[in-house]
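A.B. asks:
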Amino acid sequence: MLYGSALMIEMDAIRAVLFACQHGGFSQVVVESNSQVSINMVKGERVVAMEADSILFDIQTAIREFQK
152 MLYGSALMIE MDAIRAVLFA CQHGGFSQVV VESNSQVSIN MVKGERVVAM EADSILFDIQ
212 TAIREFQK
């Protein structure tokens, strides 16, 4: 098993989509997820789980590259 939890899978999927959109030249992206915990962590509304800290850093860095 590559991941220790469903949270890690969700966070990695969000990161992968954002990176693909960056490389595709998109300036605006809407990300949907069925994981409210993941969305709340990305939005800064929930304490970050230690296991997802490095992935969340990548996500927040990628988000800055988009207009919206």
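Position one of the sequence shown corresponds to residue 152 (the working numbering), numbered consecutively onward.
Glycine residues also receive a C-beta, built at the ideal position from the N, C-alpha and C atoms.
Count the other CB atoms, across all protein chains shown, that sit within 10 Å of the CB of R215; report buried if there are 16 or more and exposed otherwise.
C.D. replies: So R215 ends up on the exposed side.
A.B. asks: Rounded to the nearest angstrom, what separates V199 and E161 at their Cα positions?
C.D. replies: Straight-line Cα distance between these residues: approximately 14 Å.
A.B. asks: What would DSSP say about V188, mapped onto helix, strand or coil?
C.D. replies: Correct three-state label for V188: helix.
A.B. asks: Where does Q173 fall in DSSP's three states?
C.D. replies: Helix, per DSSP.
A.B. asks: Classify F208 as helix, strand or coil using the three-state DSSP reduction.
C.D. replies: Here F208 sits in helix by DSSP.
A.B. asks: Helix, strand or coil: how does DSSP classify V199 here?
C.D. replies: Here V199 sits in coil by DSSP.
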